[in-house]
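Top line first, the protein sequences correspond to chains A and B. Every number in our numbering is 15 more than the matching position in the first sequence, counting from 1. Every number in our numbering is 3 more than the matching position in the second sequence, counting from 1. What follows is a short report on a single structure.
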Amino acid sequence: MQNNYNSENILSADRRVLVIGGGVGGIRAALDLAESRRNVLLIDKSYAIGGLMTQLDRTFPTNNCDLCTVSPYLSQGARERHLEIKPMTRLTRLEGEAGAFSATLVTEPRYIDLEKCTACGECAKQFPEAVRFTPGLDPRAPTCMRYPQATPFAFSIDMSKISDIHALKAVCRADAILADDRPCEAVIEVGSVVLSVGADLFDPAVLDNYGAGKFDNVVTGLEYERIMSASGPFQGSLKRKSDGRRPKKVAWIQCVGSRGINKGDVPYCSGVCCMYALKEAMVTRERFGEDIETTIFFMDMRTHGKDYELFFNRARDEYKIRMIRSRPHSIVEKTDTKNLSITYALEDKPVQETEEFDMVVLSTGFRVGEETRHLAENLGIDLNPHDFAATDHFNPVLTSKPGVYVCGVYESPKDIPETMVQASAAAAMAASDLPVTAAALNGEDLFPPERDVTGQEPKIGVFVCDCGYEIGGILDVDTLLKSALTHPDVVVAQAVGYGCSSESMAKIEAMIMENDLNRVVIGGCSPRTHETKFQDLLRRVGLNKYLVEIVNLRDQNTWTHMNEPERAQTKAVKLLGVGIAGVRKNRPLRDHTLPMSQNALVVGGGVTGMTAALNLADQGIKTYIVERAPALGGLARSLRKTIEGDDVPGFVQGLVEKVTAHENIQVLTRSVIVDHTGMPGLFKTGIQTGVRMNYMQINHGVTILATGALANRPAQYGLGALNNVMTQLDMDSLLMDDPEKIKAMEQVVMIQCVGSREEGNPNCSRICCQAAVKNALKIKAISPGTQVFVLYRDMRTYGFLEDYYRQARDLGVKFIRFSLENRPSVKETDGALAVRTHDFILGSDIEIAADCVVLSTGLIADDETTEDLALMFHLPRTVDNYFLEDHVKLRPVDMAQRGFFLAGTAHSPKVIRECITQAQAAAGRAQTLLAKKEINLGACVAKVDTKKCASCLVCVRACPFDVPFINAEGVSQIDADKCHGCGICAGDCPAKAIQLLVYEDDQILAKLDGLFER
Amino acid sequence: MSFQAKLTSGEFVVLAEMDTPKGVDISDLVTNVRYLKSRVDAVVIPDLDNGVMHLGALAGGAVMRQQGMDPLIHVCGRDKNRMALQGDLLAAHVLGIHNLMVVKAEEMINGDHPDAKTVNDLDELGILGMIQSLISGTDLAGFELRGKPQFTPGIAVPPIADDTQLDQAVADARQKVAAGACYIVLQPVFDLAFYTRVIQSFTSLNVPVIPSVFLLKNVGMARYISINDPSSRLSEDQIRRIRKAKDRDTECIAIAGEMIRSLKGISQGIKISALGWEDRLPAILDSAGL
């Protein structure tokens, strides 16, 4: 970045991005923006951020607990210095234009001073009805402090339920009650807006046939999550609401209120319910007993996400979840048992079935709420027919209003990974509307210069947190402090309550200054989560951050020995002794840093690669695109129209022209990658380029994998052998090039899932159902008289694609289901094609004459290429050879290997607009890494005492990273910028000539002394 | 024995190709050549090879000389007219560079300066004639030179995909041998059976025939060659062999080594290209038993 920033940058430094909605999407967008050094204000109407995800029990497809995975994001939110969070706040007006909006915000009174509240819980104990708090995000909050990581970490008061304000004020020891708190309105300057408001869940009580809200044992999917949750109303045991009994038979009914035409229904598909029902059924059997019978009533099983088909297969085959393809007619409650009897019809049986269940879960989907409609009005954005935000077809995060971006469910119904992708994409787009903050350009040194403490006698301060009950309830903190004072050099020993609260931190800082301390011991929780926070505290008072020791009194003592307080006390004294003895030997250390390369490498020059490259290049990042084909464009080159009717070749050509003309993009076509070295931020990749395969090396800080997938062409149903058997891609071209040929066709048969959802390629290719519907609609448009048959297994027109599916049915396209055991067959007699298939409704085989058979062949991973790249870059792959991201739920574009980001069909099959979004997300995530400008290698590196080194080569041989070498002076040399700090050489060196900084021998010995000599 | 002496005495010659850097940091070049001393007879330095701007071959050849290695430089007419070519060749002699390979240069459009002007004042035959003229002590304008340069010129044969191309290539090479070419360098060999015939065909020209061996680096590169250069005749079996190998890097070196061993029996020399992985040339030589 240039240092001669002009006045405009400084002025606009105050301008920020406004993120509306504090669910996982909003949090991701806000964190991305903050990490790429943009100022962000995150507002949420609720009194704590977290959104819907924090109410879930577990998440598919890994079925992990959510809170553990999402909570670091929540607390991270509070830490970032570019990020401000305003709960209980709404936007009431937005004026101006992109880059220079002014937003009017109204904040409801909380009646609690966030700076002072320590969430001690006293007020909640005394006034349970009037105090709101969501630790573990549960209504039973005040008595349940198992996951106290709500952000902000504070209570809020419902003043309408308080009669005696003085009594309330009296219980608060922190003096945090603000009785006179009022709603306040503020107008702020905003560069751009990210909307991540999500949607409401449908309330099925409006339907009269399923008894929701009337029958105790009929619950919604989300209520069932709460019932199963360990932090839920039944403390994690599965119970019926009517009698508290454990159910033996649970049924799920899909598409409740979705994909319907009745009163109260919406026509679209909510996209997530199939997966959550499968998950809930699996978790039910796994956690609550194999004897519980689980049944899912569904219309089409929509498991179209990455590896979701495998999840579905597991649910059916391993967990023996019963799948019934039917939309039940109604539920009747038995008056005596409160059991529920479901009436449903099967497609191959003329009479209705009735079956009794103990519990019924209604899989309800997303609805846009009234409040969101108002917000859209205030923002002035267009809506689609379903009241969701209307967006650009090729760029789904763009709303109709420039400068206002949307992500998550409010764009269209979607699951968490897709929300995370869109959030990062929206953040990347929003970031482009305002410059990097002046502070970031300045190098952002917020800390005062460090005091030199070398040669000073240690003056140690010991601060012990009681962490509410967590430590203070088990240990006698005062006695502990007295024992600390008996150690030499300990000048101060103080209890600090919640040491990590802003108020306590300020107290500690003051005490360090007053007593001129030069060493600090914190007795509290885990250094894993809190060391950075206290290291920053030291830096604020001018001390080197390595002069603090964290003693883990909570996780490793009071939590583990909760029932033995006396022995816990003895252990606490010992542990504190270790910390005090250790800190005495701590030395100020300097972190090693290297300048980060500000170049990016994009592997693959399709739509995904080009989109990512343009986004990076527009932000001033020199970007290389490596493409093996002679020209840019990738698979999109073989596509003509999207389902929305947009022109793909024109779009691709536009991208190619922009990319080729961009001064920050270097395009390397006919190029393959052959080698790769370096570390995140400083990679070096070798490529062979051009017809003659010239070798060159590229230095880059980040890598985006956009290598795409291959159009599958399996030799099935006569593809490649019979005339007029073609793929959907072929049909897409034919529709554009030869409409006359289409008009001459009387009957067209399409076959779905060709080469997908079967052995060899078990996953769903996601794109083929919409491709079939798209082409069927187009055939009908060109030639209304042509009969179109679609032979399918499950129609997976997720989200608003359902509209097109319905339109096709309305136009007379015939959809006939088949099963894997009963596949259709194609035969040619005298040049005429015929397709034979089983019709479940007729109960017999039928034969359809076809002028043309169109196979939905989908995508298949480019095994050879992903394998080759995975070996060079050291990246993991899925079983079906796509790249495997770091966390399938929460980090869908980051690879586990830092510096690598994943987008497009190299991740999993997806349509163009989804590829574009993920490309923007990858570019945005890459920028958060590049924004750091420096690679911090930490201070923990091996150091050689050259006087002691005997050049015995032990370290040279022991190092797993080949770092040590014998230098010109004939002694071992270990370069700090290469050392990984593993300490193996330090342990092996026979002359003890190598010390691992931060863990030097005398420091470890001092700690051992502290442990054993008292 | 020098490269030139080995050629004339009919001994097996080993050439290794090394590209000059794009830039002026020659440390890799110097380091890599040190490991090749007394293992190869000459190092081939291409000149602005593949249409990519590099440090010029004259300087590269001079660096080889400094390191005690016999250089062999490319000569082509794409970038220089006969003035510049003659001047540079005289300079080459003075710098101790006597081995030349006359090549048909890659077209400018395929290089990294596609907008650069192509010269093509002389074609390969013209250049060979020019070299003979200089050796005999006269420049192309007929003026006498003060001191005669010494050169051993050879030629590189373009890719040969089939028998028709083979016949044409032999006919072309025959003309060039008549114009003074002392040796013939063939394209990288992946199909040994086919190239055994190719080598035999060229042997009729009575000059040493030197096939090339190319280090494949990974599956991606092998696949790229098989798709984009059908004349390479790189087989699916070879790609499969790399894919199946436990250690692909080592396998690639072994494949190159095996090819060199096989070619040793049927040719009078070998040119090894590592295309940027010159640090692995010693390992390839080890694998080939050279």
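We put the CB at the ideal spot given by N, CA and C, even for glycine.
field: phenylalanine 833 of chain A (DSSP reduced to helix, strand or coil)
entry: coil
message: I need the boundaries of the alpha helix (DSSP H) containing serine 748 of chain A, first residue and last residue.
response: 743 to 752
message: Between valine 671 of chain A and chain B, is the shortest Cβ-Cβ distance under 9 Å, so that the two count as touching?
response: no
- request: Evaluate histidine 116 of chain B with the Cβ neighbour count: other Cβ atoms within 10 Å of its Cβ, from every protein chain shown; 16 or more gives buried, anything less gives exposed.
  value: exposed
- prompt: How long is the line joining the alpha carbons of leucine 128 of chain B and aspartate 895 of chain A, rounded to whole angstroms?
  reply: 55 Å
task: Alpha carbon to alpha carbon, how far is asparagine 410 of chain A from glycine 226 of chain A? Give it in angstroms, no decimals.
output: 41 Å
- request: Thinking alanine 214 of chain A and glycine 384 of chain A are a contact (beta carbons under 8 Å), I'd like their distance in whole angstroms, please.
  value: 7 Å
- prompt: Is the beta carbon of isoleucine 130 of chain B less than 9 Å from the beta carbon of valine 105 of chain B?
  reply: yes
field: Pairwise C-alpha distance: phenylalanine 193 of chain B and alanine 164 of chain B
entry: 12 Å
field: Residue ranges of each beta strand (DSSP E) within the stretch 163 to 248 of chain A, 3 or longer
entry: 199 to 210, 233 to 235
query: Can you pull the DSSP bridge partners for phenylalanine 698 of chain A?
result: A/Gly693, A/His715
message: Do leucine 720 of chain A and valine 618 of chain A count as a contact pair if the criterion is CB distance below 9 Å?
response: yes
Glycine 538 of chain A - partner residues in DSSP beta bridges: A/Val479, A/Val566
task: Mind the definition here: the stretch 425 to 445 of chain A touches the stretch 469 to 489 of chain A only if three or more C-beta pairs lie below 8 Å; say whether that holds.
output: no
field: Proximal residues, the stretch 878 to 891 of chain A versus chain B, C-beta separation under 8 Å
entry: Glu879, Thr880, Glu882, Asp883, Leu884, Leu886, Met887
message: Pairs of beta-carbons, one from the stretch 847 to 867 of chain A and one from the stretch 764 to 771 of chain A, closer than 8 Å: are there three or more?
response: yes
query: Taking Cβ positions, are threonine 23 of chain B and aspartate 82 of chain B nearer each other than 9 Å?
result: no
- prompt: So, is the C-beta of leucine 288 of chain B closer than 9 Å to a C-beta in chain A?
  reply: no
- request: Look at the alpha carbon of serine 439 of chain A and the alpha carbon of alanine 391 of chain A, and state the distance between them as a whole number of angstroms.
  value: 21 Å
- request: Let me know the secondary structure DSSP gives cysteine 80 of chain A once reduced to three states.
  value: Bear in mind that the predicted position of cysteine 80 of chain A carries a pLDDT of just 48, short of 50, making it unreliable; the figure below should be weighed with that in mind. Of the three classes helix, strand and coil, the one that applies to cysteine 80 of chain A here is strand, per DSSP.
- prompt: Contact between the stretch 1007 to 1026 of chain A and the stretch 250 to 257 of chain B: three or more CB pairs below 8 Å?
  reply: no
task: Quick one: list the residues of chain B neighbouring glycine 705 of chain A, beta-carbon separation under 9 Å, in chain order.
output: Asn53, Gly54, Val55, Glu109, Asn113, Gly114, Asp115
- prompt: When DSSP labels each residue in this structure, what does valine 32 of chain A get in the three-state scheme?
  reply: strand
field: Bridge partners - arginine 892 of chain A, DSSP secondary structure assignment
entry: A/Phe898
task: Verify the CB distance criterion: does aspartate 397 of chain A have a CB-CB separation below 9 Å to chain B?
output: no
query: From this set, A/Met746, A/Gly716, A/Cys784, A/Glu755, which residue's C-alpha is nearest cysteine 768 of chain A's C-alpha?
result: A/Cys784
field: Beta carbon proximity, glycine 701 of chain A to chain B, threshold 9 Å
entry: yes
- prompt: If we call anything under 9 Å between Cβ atoms a contact, is glycine 873 of chain A one with serine 771 of chain A?
  reply: yes
- request: Within the same chain, show all residues whose beta-carbon is closer than 8 Å to that of arginine 108 of chain A, passing over the 5 residues directly before and after it, in chain order.
  value: Ala118, Thr119, Asn393
Cβ neighbour criterion (16 or more within 10 Å) applied to threonine 469 of chain A: exposed
- request: Taking 9 Å as the cut-off, decide whether the C-beta atoms of arginine 685 of chain A and glutamate 642 of chain A are in contact.
  value: yes
message: Distance check for alanine 973 of chain A and phenylalanine 980 of chain A, CA to CA, integer angstroms please.
response: 11 Å
message: By the three-class DSSP mapping on this structure, what secondary structure does proline 214 of chain B have?
response: strand
query: Taking all protein chains shown into account, do 16 or more other C-beta atoms lie within 10 angstroms of the C-beta of glycine 150 of chain B, making it buried, or fewer, making it exposed?
result: exposed
- prompt: Is glutamine 767 of chain A helix, strand or coil when you go by DSSP?
  reply: coil
- request: Taking only the alpha-carbon atoms, compute the straight-line gap between aspartate 690 of chain A and arginine 246 of chain B and give it to the nearest angstrom.
  value: 16 Å
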